[in-house]
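Some notes on the structure that comes next.
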Amino acid sequence: MDEEQKTLDMEGAVCPLPLSHGDRIVMGHGSGGRLSHELVEHLFLPPFDNPALRAGDDAGVVQLAPGSRLAISTDSHVVTPLFFPGGDIGRLAVCGTVNDVAMMGATPLYLAAGFILEEGLEATILQCVAASMQAAAKEAGVSIVAGDTKVVQKGRADGLYITTTGVGVIPSGVNIGGAQAQPGDRVIVSGTLGDHGIAVLAARGELGFQTEIESDVAPLNGLVSAMLSASPGVHVLRDPTRGGLATTLNEIARQSNVCILLDENSLPVKPGVRAACEMLGFDPLYVANEGKLIAIVSPREAQKVLDAMRAHRYGKDAVSVGEVQAVPSKRVLMKTAIGTTRVVDVLAGEMLPRIC
Amino acid sequence: MKHLSEYRDSELVQGVLAEIRRTVTRAWVLMEICGGQTHSIMRYGIDQLLPPEVELVHGPGCPVCVTSLELVDKALAIASLPGVIFTSYGDMLRVPGTGRDLFSVRAAGGDVRVVYSPLDALKIAQQNPEKEVVFFAIGFETTAPANAMSVLQARALGIKNYSALVSHVCVPPAMHAILSSPQNRVQAFLAAGHVCSVMGYWEYPPIAEKYRVPVIVTGFEPLDLAQGILMAVRQLERGTYEVENAYARVVTREGNLPAQGVIQQVFTTCDRKWRGIGMIPASGWCLRPEFAEFNAEERFSVRQIQPEESPLCIAGQVLQGIKKPGDCPVFGTQCTPERPLGATMVSSEGACAAYYRYVLIETGQ
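Below, the structure is given as structure tokens:
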């Protein structure tokens, strides 16, 4: 280095003009994070506004007659590749919607499925997907009672997209929703975090190394039903799909106007998922799950709920990961492994691998 | 995970922090160079556990943050050209150029792809011989060997449709620049462990000597950082200014010689403009003339661009350790990770992004 280095010529505070991403859709709008939330808030909610939608839960709840409430949800599935370790787009399409309905404490009953097929798709692939959908529907105890098919020109879609819509009945006395968390409640997750996201990344060949992680995609209505039978103390249920645990807990903290405090040491993450995340610079808190749920439960009932979960095949690794506090409201905090406290924010846009 | 969990062991970290508290007698300002270290400090809340006398300021070691606006604008222009596949490390896609970013270019129809390594970009070039594949070769000494290797491979394999938009920057000149600024507050450095794993630390003794600052090669886990801080504080209290290695499990004095050889073969030193800081002489690497055919700046004549900067953000002062993200009047309000005013709010190594993600700061919202 030059010994005659001059004093740094300061340019002052320089930064570019803000970008709004307001005039076009970018991938981040589909990430499940803050951009997705803003899209709903600013673009969809104003024209469609109604109480069921405004509640901001996984499914809209409507009342047909006094004492008869339905939970309705819909979900589109655009995963690449169509088949991945532990599942496929068909199983995902059924479980995703079944779970969204179940998260209101509802018993899912019927699904409708819409298919967008790309010209040239092999019929055997579609057959496999349909068989997988039926197997998942059977497991969940739902029937696929309506459907639609559209075909688009080659290049206009990525093989196959599936949208499913589901309805379920909410048993009387069940009142579960994102706004029900109360200070003192315990936060429970039903199992390990990030399995689905890492399994799909690995199946795309994007990791650059092998992993044996399988997607956790599964219908959770049986687990929910076991939990609700065991205890009336379940206040919130939510499945942490896109955006992961961190983003979903932030939604709940906002809806319930509370603070959620996580304990880093108690977060269940498989070693393979942790290793993949370390290498890519991802945080398992933000990686998608498709067969896990978060339950926010009154402290007195937490053990009972945990016991019921652990007795179910999809809840055997259930563990308490934190608790609800009053303040700072609308925030998720985490007690770190070394005893400090930090903020856990929502995913901003797309999850991006780090540089070095 | 083996060889990782022990460096996150709460008791061990607390032990080192207690030793820091016992050692310190007066106020010191330490700078961690690397943005990865900044994120680790914020993520684990290590700053919360330090005695008030020890202040950490955050350095310029975020490659995304310091890539000049002109180069980002050039990248945007090249990525918008028909027939081009523009490849980049993911972090770069959200960095604001003048009025847009690479995500917007992609949304408008540009073929912009995230790659994990420049060798993946090379593969894309082989698979798409009819397209021009450009890789945005940004980064410090850490990414330079892989980026250099991609150019060597392209030549060896006769791949003609691959080029690199090179924006390499080097740590030692930035340390000189920070220390010679009249506004400098830094009294000791935690040198960037990853950079040193490539370059070693033979470049640092002249800096330590000239400016009388201790330089401690430091890793990224909580125990590494605590140990680096302790060694720096010990030296400051003693009044010594030596280069020490607190990351010996990864870093040697001479570094990775084959990697340095590859860098030397492909790159040559050049002046480089750092976003938010300004021109630092001999602070970057660019392609040697014999590799000019792989230089995207020469291959694509993008018209001279008029970069437009806003006066609101204080990224420049944050990158030099003069101010902290929380000092910025638009932090968390007009400037957020979704709508960044500056690159420091974007990157997984940017200081503002670290504060936004991990620290509770009242923003008035």
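Chains as they are written, first to last, in the working numbering: chain X, 1 to 356; chain E, 357 to 721. Yeah, the Cβ is synthetic: ideal placement off N, Cα and C, and Gly gets one too.
Identify which residue in X:CYS277, X:GLN303, X:ARG331, X:ALA137 has its Cα closest to the Cα of THR97 (chain X).
When only C-alpha atoms are compared, the closest one is X:ALA137.
Would you list the residues sitting across from MET635 (chain E) in a DSSP beta bridge?
In the DSSP assignment, the residues bridged to MET635 (chain E) are E:LYS629.
Cβ neighbours of ALA218 (chain X) in the same chain (closer than 7 Å, five flanking residues each side left out)
Sequence-distant Cβ neighbours of ALA218 (chain X) in its own chain, meaning closer than 7 Å and more than five residues away, are CYS95, GLY291, TYR314.
Can you tell me whether ALA326 (chain X) is helix, strand or coil according to DSSP?
Correct three-state label for ALA326 (chain X): coil.
Just the C-alpha distance for ALA588 (chain E) and LEU193 (chain X), rounded to the nearest angstrom, thanks.
Each residue's Cα considered, the two are about 38 Å apart.
Which residues mark the beginning and the end of the alpha helix (DSSP H) in which LEU249 (chain X) is found?
Element bounds for LEU249 (chain X): 244 to 256.
Excluding the five sequence neighbours on either side, which residues of its own chain have a C-beta within less than 6 Å of the C-beta of LEU535 (chain E), listed in chain order?
Once the five neighbours on either side are set aside, the close Cβ partners of LEU535 (chain E) are TYR567.
Please list the residues of the segment 296 to 326 of chain X that have a C-beta atom closer than 7 Å to any C-beta atom in chain E, keeping them in chain order.
For the segment 296 to 326 of chain X, the set of residues with a beta-carbon nearer than 7 Å to any beta-carbon of chain E is empty.
Contact under 8 Å by Cβ, GLU593 (chain E) with THR454 (chain E):
With contacts defined as CB atoms closer than 8 Å, GLU593 (chain E) and THR454 (chain E) fail to qualify as a contacting pair.
Is THR165 (chain X) close to chain E, meaning its C-beta is less than 8 Å from at least one C-beta of that chain?
False, the Cβ-Cβ gap to chain E never drops below 8 Å.
Interface positions of the segment 25 to 48 of chain X facing chain E (Cβ-Cβ less than 9 Å), listed along the chain:
Taking 9 Å as the Cβ-Cβ cut-off against chain E, the residues of the segment 25 to 48 of chain X that qualify are ILE25, VAL26, MET27, GLY28, GLY33, ARG34, LEU35, GLU38.
Establish whether the CB of THR247 (chain X) and some CB of chain E are separated by less than 8 Å.
No, THR247 (chain X) does not count as interfacial toward chain E.
Quick one: what's GLY166 (chain X) bridged to in DSSP?
Beta-bridge partners of GLY166 (chain X) (DSSP): X:SER73, X:LEU111.
Quick check: is the beta carbon of ASP345 (chain X) nearer than 8 Å to any beta carbon in chain E?
Output row for ASP345 (chain X): interface = yes.
With a cut-off of 8 Å, do at least 3 Cβ pairs link the segment 178 to 198 of chain X to the segment 251 to 258 of chain X?
Yes, they touch.
To which residues of the same chain is ASN265 (chain X) closer than 6 Å at the C-beta, ignoring the five residues directly before and after it?
Result list for ASN265 (chain X): ALA337, in chain order.
Where PRO685 (chain E) and ALA707 (chain E) are concerned, what is the direct C-alpha to C-alpha distance, given to the nearest angstrom?
Rounded to the nearest whole angstrom, the CA to CA distance from PRO685 (chain E) to ALA707 (chain E) is 15 Å.
Under a CB-based cut-off of 8 Å, is GLU694 (chain E) close to chain X?
Output row for GLU694 (chain E): interface = yes.
May I ask whether a heavy atom of the ligand MG can be found less than 7 Å away from the beta carbon of HIS196 (chain X)?
As presented, the structure is devoid of all ligands, the ligand MG included, so that no description of it is given.
Can you give me the Cβ contacts of LEU249 (chain X) inside the same chain, cut-off strictly under 6 Å, excluding the 5 residues immediately before and after it?
Once the five neighbours on either side are set aside, the close Cβ partners of LEU249 (chain X) are ILE260, VAL332.
Between the CA atoms of SER215 (chain X) and ASP359 (chain X) - distance to the nearest angstrom
It is not possible to answer for residue 359 (chain X), since the shown part of chain X is limited to 1 through 356.
Cα-Cα separation between ARG300 (chain X) and SER361 (chain E), rounded to whole angstroms:
In a straight line, the C-alpha of ARG300 (chain X) is about 33 Å away from that of SER361 (chain E).
With a cut-off of 8 Å, does the C-beta of GLY339 (chain X) fall near any C-beta of chain E?
True, the Cβ-Cβ gap to chain E drops below 8 Å.
Identify the continuous beta strand (DSSP E) that holds ASN601 (chain E) and give its terminal residues.
Residues 599 to 601.
Pair within 8 Å by beta-carbon distance, GLU577 (chain E) and TYR363 (chain E)
It is a contact, given that the beta carbons lie within the stated cut-off.
Residue-level contact to chain E via CB, THR211 (chain X), 8 Å cutoff
Answer no: the Cβ-Cβ gap between THR211 (chain X) and chain E never drops below 8 Å.
With a threshold of 8 Å between beta-carbons, can VAL715 (chain E) be considered close to chain X, or not?
For VAL715 (chain E), the closest Cβ of chain X is nearer than 8 Å.
Between the Cα of ALA547 (chain E) and those of E:GLY672, E:GLU600, E:ALA502, spot the shortest distance and give me the residue it belongs to.
Ranking the options by Cα distance to ALA547 (chain E), first place goes to E:GLU600.
Pick out the complete alpha helix (DSSP H) segments inside the segment 414 to 481 of chain E, 4 residues or longer, and give them in chain order.
Taken in chain order, the whole alpha helix (DSSP H) runs of length 4 or more contained in the segment 414 to 481 of chain E are 419 to 422, 425 to 435, 458 to 463.
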